[in-house]
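Notes follow the structure.
Residue numbers (my numbering): 53 to 195.
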């Protein structure tokens, strides 16, 4: 299965923030959209970074509550792993596992076209396993 197939199922909407967004505003957005990460988009529309709940917690532990009033640009991950719509879900699974990341933006011609989370990957795998099980049960019952 390809990333484009996953995006067709889940949609391509992506919650984003700008580098100047405060961490407090980021946290409100994460809660509002019920997501674990947001893509940080630069004024020119390019991806400046990605920031996750994990980033906030780690930096909050290091710098204390004053961090909440600072900009997202101070805590975001700047080197963002990404994928394209023609990449396979299996390739993405390997990338997520090797890099220990849970959210990967999907880019088309350098522009944000969606985001895939580890939850999306796991859900897809569960659906594949259920289909295989149904096929095996049908095969066995036909005897």
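Each residue gets a CB set at the ideal place from its N, CA and C atoms; glycine is no exception.
inquiry  = Can you give me the C-alpha to C-alpha distance between residue 126 and residue 67, rounded to a whole angstrom?
reply    = Along the chain shown, read from residue 1 onward, the residue named residue 126 stands at position 74. Along the chain shown, read from residue 1 onward, the residue named residue 67 stands at position 15. Near 19 Å, if we compare the C-alpha coordinates of residue 67 and residue 126.
key: Of the residues 102, 112, 147, the one placed nearest residue 129, counting alpha carbons only   = For the purposes of this step, residue 129 is taken as residue 77 along the chain shown, with counting starting at 1. It is 102.
**Item:** residue 132 and residue 153 closer than 7 Å at C-beta
**Value:** Locating residue 132 in the chain shown gives position 80, counting from the first residue. Locating residue 153 in the chain shown gives position 101, counting from the first residue. Residue 153 sits away from residue 132, with the two beta carbons spaced by 7 Å or more.
| message | Considering only their Cβ atoms, is the gap separating residue 146 from residue 176 smaller than 7 Å? | response | Translated into the one-based positions of the chain shown, residue 176 becomes position 124. Translated into the one-based positions of the chain shown, residue 146 becomes position 94. Not closer than 7 Å, so no.
- When you compare each of 76, 93, 82, 88 to residue 165 by their alpha carbons, which one comes out closest? For the purposes of this step, residue 165 is taken as residue 113 along the chain shown, with counting starting at 1. Considering only alpha carbons, the answer is 93.
*Can you tell which of 73, 161, 135 has its C-alpha closest to the C-alpha of residue 120?*
For the purposes of this step, residue 120 is taken as the residue at position 68 of the chain shown. The shortest CA-to-CA distance from residue 120 to any of 73, 161, 135 is the one to 73.
**Report entry** Start and end residues, alpha helix (DSSP H) containing residue 173
**Finding:** The residue given as residue 173 occupies position 121 in the chain shown. Its alpha helix (DSSP H) spans residues 170–194.
From the DSSP secondary-structure annotation, give me the bridge partner or partners of residue 89. As a first step, residue 89 is located in the chain shown; it is residue number 37 there, counting from the start. Beta bridge pairing from DSSP links residue 89 with 104.
| query | Which first and last residues belong to the alpha helix (DSSP H) in which residue 141 is found? | reply | Sequence index remark: in the chain shown, residue 141 carries index 89 (1-based). Unbroken alpha helix (DSSP H) run through residue 141: 141–151.
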